[in-house]
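**Q** Let me give you the structure first, and then I'll get to my questions.
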Amino acid sequence: MHSFNRFFLLGSIIFSFLAPLYTIYTETNSITEDNTPIFFEAIDTGSIEYVPTEIITETTINYANILLAVYLLVSLILLIRFSRNLYKILSKIHQNNKIIHDNAILVLVEDKILPHTFWNYIFINKKQYELNEIEDELFTHELTHATQKHTLDILILELFQIIFWINPLFIFLKKAIQINHEFLADENVITQHNNTQEYQYLLLNKAAWKNEYYLASNLNYLVTKKRLKMMTTTSSPTKILLKKLAIAPLLVAFTFLFAQRIEAQEEKEIKEEAIETIVEVVPFQKMDLSDLEMYKNYYYKNLTIQRKDKNGKIIIKKYSELNEEEKKRLVPPPPLKFDKKVPTKNQFEALKDGKKYAVWIDGKVVKNEVLKKYKAIDFARYSNSHVYKNARSKRFPQENQAHLETTAFFNAQNKKRVEKFMDYLKDEYNIIEIEEKKEERELEEIKEQPKKRKYNLPSSNGSKQSTNANFKLIDKVQKDPKFNKSWFITIDGQKYYYTFDKNERIARYYKNGKFVNLDIVKEYNKKHKIFESLKAEGKHYIHKSNSEKEVIDREFSDLGGMYFRMSRADKNKVTRPENPFRPYIRLMKNNVVFYKLRKDLTEEDKLLFPPPPAPMNASEEEKQKAKIEFENWKRRTGNTLNKIPPAPKKAKKKRKQKVDQNNVAKSLKVKDTIPVKKKQPKITLENVDKLKEKSFIKALENLTEEEKKKNREKVTYYLNGKVIQQKDINKIKPNSIKSTHINREKDGSKSVRIITKL
């Protein structure tokens, strides 16, 4: 039983460290998310004056570091004591004579001590050994310590106690292990010599002897009534077995008690029905990197906030550790790129007064007289701040401090700030470049160039670009219909245009009009990693700012273009991009976009789903039906647009609505003639191609009764997809007709399809 106790005591130490590493996953109810749209009032920050200021944090005593230093100091003292005791024992071994005895080594010392054991060394008095005064029971006792390696247990406990000295349980645990060692040695002595009473008297006689070796196993360690009584106690095998079996449920109980618990929600696959993409209608805003959460992380990266909790304890937090409410209370960071603010003539003249103004130019203090060498337009930025009396100094007694920046310095500072931020993005997010409306900058540059200059940008047609583009293409691309100006992806800030071969089911990529061989899987995975990091940064996509959404949407668009033009083999190597607003559904009402989870949709919300478009091979009737349903959806939901409107064009004079006579003429291919009147020609449906200027309705009115009867025999009339009688045609106003189509069916009959304006 004592052998079992030895391993149980040591195992309990190891178990105490391993149990917390075990993880128990507990299921919890799904968390209901609050999907109420949040609207923020837009604030015009254009007039806000940003003055670079240094963030000052109050310096307080960090008690946590002091406690840690004290803890480490005590551990260091205990380590020194342990090393000193170990050194003393090793010195005794090297300085004294040694004799091999059975499985141990006797170290003969001059000190008058009882036998002690360290590892397989037994320390005994030299004189007693030579006079043969050491009892056999003592040799047996110490040999048990040596052969069973009891010193190893002591060393392990000492090391744990050095590190975890603050835990008092190690003190009691060490005593329990040492007394158990003595039980083991006593048990072996009694088994071999079979003289319990004499051995007990021997221990009592030796109890007063001193012990000089701290790490050694001692014969007279805790010679108590319990130790003497243990020598005569015999336990039944059944009782011992039951005690051992009781350990199993205890281990399980303690494992569950000290294990780490993680609440895991049930993972449910969310299947979204295919719905038509709704384009969010928002006013156009130029993307500003200052709006990104990444910029705030960059600006506040060295910020620390100290505050006291309810218990008076000082809490230190970094920006990344703040919650959303705490972040909102911070002063907004200045823009990444400052706008120009040229001083007025009056402001500039006032700065020359040295009694009122202290002046800095490009960050350096100058005398006011220096301003005589400049003009107001020489400076790109001007700021002025009032200085209160208690903040003025002998060097700067003025009540105002003005800062001026020349154009060169202003541009250099803006560039420097952007470069530092880009370096941060590269290190933290693996983003090489973010384009701030690069297309807009290109258009501005192109507008300034001569009109005849051509630019190497591919287009979808062979003639001119749209009026919004304001530039022309090179001749090579103009003649190549395979390029489309909107078919491109952005990699490392560079545009790669692509073409798609439907037969080969593969995309080819071009840069500056030249074919490039891209490792599309590698580029896709790199872009997908950036896309996921942007989604995971800060709030969910639906709560991000418009500028952040634009960046994410651009990446998602690139990923979609790359994925759906990959070969099947390449698709198996990558992860399909997931719409950033998932698991929410995007809805629009009265041109306002909002998001909801599918489980939270009401019957009213479901009516906001747009009707499906007509299939590619749909008939005219099906297309017209789909169009009517879409118009009904717009009236029902209050949505007036289904896409972002194009740039406004010059108003053109409305032309008179005419029937599509060419289509009528081409559709009806017959050789029948039409009788003609002298004053007013009359026509039949067979030769309606002669109709030049008169409407279809007018022509029908001029037919004779015989001609009308002939036309009615094998003609079916349709109005907006519904069959009507020929007599009902007269009720249609000519100005309401959008188009007319006449077809000859396989059986020789004809059909007239009339579509009116909505």
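With full-length UniProt numbering, the residue at position 287 of the sequence shown is 287, and numbering never jumps. C-beta: ideal position from N, C-alpha, C; glycine also.
(1) With a cut-off of 8 Å, do at least 3 Cβ pairs link the stretch 375-394 to the stretch 404-417?
(2) Taking only three categories from DSSP, how would you classify M231?
(3) Go to T196, then tell me how far its alpha helix (DSSP H) extends in each direction, as first and last residue.
(4) Taking just the CA atoms, how far does R753 sit from I585?
(5) Identify, in the order they occur along the chain, each residue of the same chain with its Cβ nearer than 8 Å to the Cβ of D605, setting aside the five sequence neighbours on each side.
(6) Identify the residues that DSSP records as bridge partners of H403: which are they?
(7) Rounded to whole angstroms, what is the Cα-Cα separation between L257 and L72?
(8) Does I377 come out as helix, strand or coil in the three-state DSSP assignment?
(9) Here's the rule I'm using: 16 or more other beta-carbon atoms within 10 Å means buried, otherwise exposed. How should F118 be labelled?
(10) For M230 and I134, I'd like the C-alpha separation in whole angstroms.
(11) May I have the straight-line CA-CA distance separating T144 from I162, to the nearest angstrom?
(12) Identify the residues that DSSP records as bridge partners of T756: which are they?
(13) Taking the continuous beta strand (DSSP E) assigned at T117, which residues delimit it?
(14) Can you tell me whether I61 is helix, strand or coil according to DSSP?
(15) Can you tell me which of L157, F139 and Y295 puts its alpha carbon nearest to the alpha carbon of L9?
(16) What residue from N311, N297 and I314 has the CA that sits closest to N323's CA?
(17) Thinking C-beta only, is N85 closer than 8 Å to N103?
(18) So, do the stretch 309-325 and the stretch 391-408 have three or more beta carbon pairs nearer to each other than 8 Å?
(19) Taking the Cβ atom as the reference point for each residue, do A185 and H141 lie within a distance shorter than 8 Å?
(20) For the beta strand (DSSP E) containing T151, name the first residue and the last one.
(21) Please list, in chain order, all residues of the same chain as N5 whose beta carbon is under 6 Å from its beta carbon, the five residues on each side excluded.
(22) Distance cutoff 8 Å, beta carbons only. Does N730 sit that close to anything in chain D?
(23) Could you have a look at Y718 and say whether DSSP puts it in helix, strand or coil?
(24) Would you check if the distance between the CB atom of D570 and the CB atom of K527 is smaller than 8 Å?
(25) To which residues does DSSP link F515 through a beta bridge?
(26) At the level of alpha carbons, what is the spacing between N632 and T640?
(27) If you follow the alpha helix (DSSP H) that N167 is in, where does it begin and where does it stop?
(28) Within the chosen definition, does the stretch 611-626 reach the stretch 715-733 through at least 3 CB pairs nearer than 8 Å?
(29) Can you name, in chain order, every residue of its own chain whose Cβ lies under 7 Å from the Cβ of V521, other than the five neighbours on each side?
(30) Output the distance between the C-alpha atoms of L534 and Q178, rounded to the nearest integer angstrom.
(31) Among E137, E629 and A146, which one has its Cα closest to the Cα of Y201?
(32) Ends of the alpha helix (DSSP H) at T147?
(33) Distance check for E532 and R576, CA to CA, integer angstroms please.
(34) Using the DSSP secondary-structure output, state which residues sit across from Q725 in a beta bridge.
(35) In the DSSP assignment, find the unbroken beta strand (DSSP E) run with H101 in it and report its ends.
(36) Report yes if the CB atom of N97 is closer than 8 Å to the CB atom of L90, and no otherwise.
**A** In short:
(1) yes
(2) coil
(3) T196 to K206
(4) 40 Å
(5) L587 and K596
(6) W360 and S383
(7) 30 Å
(8) helix
(9) buried
(10) 24 Å
(11) 27 Å
(12) I737
(13) H116 to F118
(14) coil
(15) L157
(16) N297
(17) no
(18) no
(19) yes
(20) Segment H150 to I163 is the alpha helix (DSSP H) holding T151; no beta strand (DSSP E) there.
(21) N180
(22) Within the model displayed, chain D is absent; a lone protein chain is all it includes.
(23) strand
(24) no
(25) Y510
(26) 11 Å
(27) Counting along the chain, N167 falls outside any alpha helix (DSSP H), and DSSP gives it neither H nor E.
(28) yes
(29) D570, K573 and V574
(30) 59 Å
(31) E137
(32) D136 to T147
(33) 12 Å
(34) For Q725, which the question treats as bridged, DSSP gives no partner whatsoever.
(35) N97 to H101
(36) no
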